[in-house]
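Trainee: Here's a structure for you.
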Amino acid sequence: MARAFSLLILLVLTLAVRIAFVNTAEQYPYIDDMAGDSRPYRERAAEIRAGDFFGHEVFFDAPLYPYFLALANGHPGGSELTPKVAQAILDTATAFLVYSITCSLFGVGPGMIALALYALYGMLVFYNGLLLKPVLALFLLTASVRALLAATGTPDERRTHSLPFAAALSGLLLGLSVLVRGNFLLALPIHGFALWRVAGRRAAIAALIAALLPVAAVTVRNYAVGHDFVLLTYHAGPTFYHGNNPRSDGTYKPILPGRQNPVYEKSDAIRLAEEDAGRALRPSEISRYWFARAFEHISSDVPAFLALTGRRAALFWHAYEIPDTYDFNLYRSLFPLLAFGFVSFGLVAPLGLVGIFFPRRVTFRQSIPALVVAAIFLSLVFLFVFGRYRLPAVPFLIPTAARALHGLGSAVQGMRWRSFGAGLGATIGLAFLFSLVPVPRDETTGLYNLGIRMEQLGRFAEAEALYREAVEREPGFASGWNNLGGVLQQSGAAHEAAAAFERAVEADGGHFLANRNLARHYRDRREWDRARLHFDRAYATDPRPDLALDRGALEERAADRESAMEWYGRALDRAGVLLPEAALNLGRLLFEDGRHEEAAPRLAIAATGLSPDLFPLALEALNEAAADPARPDDVITRLRAAIRAESPAGGNAAPGADIGLLHLTVARLHAEAGRPDSAMAAVARTRSAPIAHTAAARYLAGPYALDWGFPDPG
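Going from the sequence shown to my numbering is simple: count from 1 and add 808.
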């Protein structure tokens, strides 16, 4: 009874701490991550809730977590508090599984200690408040190990738990965990070997088949939607390259510097691979391309690779939580709940290793959690180390850590001081040894990401302060300088903004955003050559069609029409109907030069969904009125006749979007004739005649576009 009550108290504590943090985090919107790592999962979950269960592309990211989000928050527009509370409940279940594993291996006393360690582990609490994968991944992997232990217990235990069911369940849960974190696949040999050794070949085969079922389902699904053989995701190759490239230091390095956002991860991996190949690539080819690039780098300097691998091994065991999108070390200073007395890796790791041998060496079955830790360690030692990525090792270090603590307590109670000294000395010695490794203390990424969130919330003064602190701590932080320039620009401090952009380019000459921002700055100052220089640098980093569109606008403002048409053409070639502004501007320049036959197909693209003859009619009307400003009324009369001719018979049907463009042209002519009331009346008519094509509308409205509700998104 006392044991059950103690267990209940600890489980309630576990859940209460997590709910408290989730609730506290909800009061601070800056912890939200709409633009960072969670964005792809949220977007995919929204698609699933909308009915798109299978999707239409080969998976780039691990596929299972968005389905959990969709299930936990089952209707569009639901509160994001719901899936976070679901995560807190799920993590409490994981805590119980850790308790159960420890009790099964080492007894109730260590089990209670293990539950307390898990309940108060700071990083575990932290990730309950974020819509990211760790909570689901840890639950599935821990559940699979608990089922494995049930299948490998004593003969009486195996009969109690039904060996075939426990073995198959172990494999199935492991297979599902692989759909959350692909590197968990390395735990499959551990399951198979343990079952084969203890329970026999049939149990091992049952677990193997069950584990491969979810994986096979994803592989078949990928082939069905993409006609390509991809086991799970094609993120594997880029991920391997992130840890094995010329800039690698044991931590994550994006393919291109300054582009660690998940959106860039995918687009850069695809674009650069296809540019190098000179053709479109299948997802499997993209993954193989980055594996090949990584192996090429490794083979060029094998001793350096071995040294790097050793460094990654040392980083794995260091107490410091290496940050990625979120800096746990920073958030501990923002949330007192995280800072107060929580368990950390610096405590659990040395205790967990000592507990393998103290107070005595573990048996094979007792070593299973340590073998899972070894699998996670091996999966990262050849990639890169983040605090978040090594977090799955924690539930499997805790059982032996609890065993070590229980052994130390027993030694004190029994006054076995030699045994106590050996255990404590080994723990302190390992902790000291791990601390000797020099770790890159990243104190800027967390500030930078927090600044981005403040900027998204419109809290520009706070964002500016965070960016300034980031660049003060690391003067060579190009992305920090660039974002500082962005908020200074928002506040109207154009000169200071340009200086910040220049500092970003000094730190990283190929920084895409900084070069693009400088190009726009110099374009607005009519310093054409300097603007071209930075446009070219940005375009060399990422030849995006919208950047080619910007460059075309620069050349047009610089009165170089041929160059403008060339750049608009590049943008159109890359984006087609997805960037109608490029088609509009190219078609307009050709039309104004009298090259009507060349202009027509471009204008047809620009006016997708509109009557192809009406948009050129609006352009011609503007040109005619510009040629004879004294007589706009004749042009207006002809436009109104065209509007009447194209309007639905009887006035019962809604007019088309192209009619709205003609009304807008009439408004422009009235405005330029000094008749603002007539202009606004014509603008009002566009509200009932929908304008589907804002690019065309912005051009036709000219200098009145902003006042009339057609702003330039750039």
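Ideal Cβ positions, reconstructed from N, Cα and C, are used throughout, including at glycine.
Whole angstroms is fine: what's the gap from Leu977's alpha carbon to Val1033's?
Mentor: When rounded, the distance between both Cα atoms is 29 Å.
Trainee: Starting from the Cα of Glu1363, find the closest Cα among Thr1349, Pro1351, Asp1332 and Asp1381 and give me that residue.
Mentor: Closest by alpha carbon: Asp1332.
Trainee: Could you tell me the distance, in whole angstroms, from the CA atom of Ala1390 to the CA atom of Leu1341?
Mentor: Straight-line Cα distance between these residues: approximately 21 Å.
Trainee: Grouping DSSP H, G and I as helix and E and B as strand, with all else coil, what is Tyr1256?
Mentor: Tyr1256 falls in the helix class under three-state DSSP.
Trainee: Could you pull the start and end residues of the alpha helix (DSSP H) that Leu1114 belongs to?
Mentor: Taken as a continuous stretch (DSSP letters only), the alpha helix (DSSP H) holding Leu1114 covers Val1110 to Trp1125.
Trainee: Taking the DSSP output, what are the residues bridged to Val1151?
Mentor: Beta-bridge pairing links Val1151 to Tyr929.
Trainee: So what does DSSP say about Ser970, is it helix, strand or coil?
Mentor: It is coil, neither helix nor strand.
Trainee: Which residues in the same chain have their Cβ closer than 7 Å to the Cβ of Ala1115, if we skip the five residues on either side of it in sequence?
Mentor: Excluding sequence neighbours, Ala1115 sits near nothing in its chain.
Trainee: For Val825, which of helix, strand or coil comes out of DSSP?
Mentor: Val825: helix per DSSP, three-state reduction.
Trainee: What would DSSP say about Gly1459, mapped onto helix, strand or coil?
Mentor: Per-residue confidence for Gly1459 stands at a pLDDT of 38, beneath the threshold of 50, marking its modelled position as unreliable; no derived number is given.
Trainee: Sort His1303, Gly1360, Ala1024 and Glu1400 by Cα distance to Gly1377 and report the nearest one.
Mentor: Out of His1303, Gly1360, Ala1024 and Glu1400, Gly1360 has the C-alpha closest to the C-alpha of Gly1377.
Trainee: Roughly how many whole angstroms lie between the Cα atoms of Phe1185 and Ile1130?
Mentor: Going from the Cα of Phe1185 to the Cα of Ile1130 covers about 15 Å.
Trainee: Quick check on the DSSP output: what are the complete alpha helix (DSSP H) runs of length 4 or more inside the stretch 1041-1093, in order along the chain?
Mentor: Qualifying alpha helix (DSSP H) stretches, in chain order: 1044-1051 and 1070-1085.
Trainee: For Ser887, which three-state DSSP category applies?
Mentor: Ser887: coil per DSSP, three-state reduction.
Trainee: Starting from the C-beta of Ala1490, find all residues in its chain whose C-beta is less than 8 Å away, skip the five residues before and the five after it, and write them out in chain order.
Mentor: His1471, Leu1472, Val1474, Ala1475 and His1478.
Trainee: Within 10 angstroms of the Cβ of Ser846, are there 16 or more other Cβ atoms? Answer buried if so, exposed if not.
Mentor: Ser846 should be labelled buried.
Trainee: How big is the Cα-Cα spacing for Asp1084 and Ala1157?
Mentor: C-alpha separation (whole angstroms): 43 Å.
Trainee: Output the distance between the C-alpha atoms of His1050 and His1043, rounded to the nearest integer angstrom.
Mentor: Distance between the alpha carbons of His1050 and His1043: 10 Å.
Trainee: Counting pairs of beta carbons, one from the stretch 1101-1108 and one from the stretch 1128-1144, are three or more of them closer than 8 Å?
Mentor: Touching, no, given that fewer than three Cβ pairs across the two stretches are closer than 8 Å.
Trainee: Compute the distance between the beta-carbons of Ala903 and Leu923, then report whether it is under 8 Å.
Mentor: Contact: yes.
Trainee: Determine the direct distance from the alpha carbon of Leu1213 to that of Ile817, and round the result to whole angstroms.
Mentor: Roughly 20 Å between the two C-alpha positions.
Trainee: Using 10 angstroms around the beta-carbon of Ile1094, count the other beta-carbons present and answer buried if the total reaches 16, otherwise exposed.
Mentor: Its Cβ being crowded by 16 or more others within 10 Å, Ile1094 is buried.
Trainee: Identify, in the order they occur along the chain, each residue of the same chain with its Cβ nearer than 8 Å to the Cβ of Arg1446, setting aside the five sequence neighbours on each side.
Mentor: Cβ within range, chain order: Ala1429.
Trainee: In angstroms, rounded to a whole number, what distance separates the CA positions of Pro1200 and Glu1314?
Mentor: Rounded to the nearest angstrom, the two C-alpha atoms are 39 Å apart.
Trainee: Put Gln1298 into one of helix, strand or coil per three-state DSSP.
Mentor: Here Gln1298 sits in helix by DSSP.
Trainee: Ignore the nearest five residues each way along the sequence and tell me which others in Pro1248's own chain have a CB closer than 7 Å to its CB.
Mentor: Same-chain partners within the cutoff: Asp1057 and Thr1059.
Trainee: Within 10 Å of its beta-carbon, does Ile1236 have 16 or more other beta-carbons around it, so buried, or fewer, so exposed?
Mentor: Exposed, by the Cβ-count rule.
Trainee: Could you check whether the stretch 1269-1279 touches the stretch 1289-1297, counting it as contact only if at least three pairs of C-beta atoms, one from each stretch, sit closer than 8 Å?
Mentor: Yes: the two stretches touch, three or more of their Cβ pairs being nearer than 8 Å.
Trainee: On the DSSP letters alone, give me the boundaries of the alpha helix (DSSP H) that Tyr1139 sits inside.
Mentor: Tyr1139 -> alpha helix (DSSP H) spans Phe1136 to Leu1142.
Trainee: Mapping the DSSP letters down to three states, classify Gln1221 as helix, strand or coil.
Mentor: Residue state, collapsed to three classes: helix.
Trainee: Does DSSP put Thr832 in a helix, in a strand, or in coil?
Mentor: If DSSP states are grouped into helix, strand and coil, Thr832 belongs with the helices.
Trainee: Let me know the secondary structure DSSP gives His1319 once reduced to three states.
Mentor: Three-state DSSP puts His1319 in coil, outside helix and strand.
Trainee: Pick helix, strand or coil for Ala1465, following the three-state DSSP scheme.
Mentor: Confidence in Ala1465 is poor, its pLDDT being 48 and thus under 50, which makes the residue's placement too unreliable to answer from.
Trainee: Using CA coordinates, which residue listed in Asp1441, Phe829, Asp1485 and Ile1467 is at the minimum distance from Leu1145?
Mentor: Of the listed residues, the one whose Cα sits closest to Leu1145 is Phe829.
Trainee: Tell me which same chain residues have a C-beta within less than 7 Å of the C-beta of Asn751, skipping the five on either side of it?
Mentor: Absent from the model: residue 751. The displayed extent of the chain is 809 to 1522, so no value can be given.
Trainee: Does the stretch 1202-1219 come close enough to the stretch 1136-1143 that 3 or more CB-CB pairs lie under 8 Å?
Mentor: Segments in contact, no.
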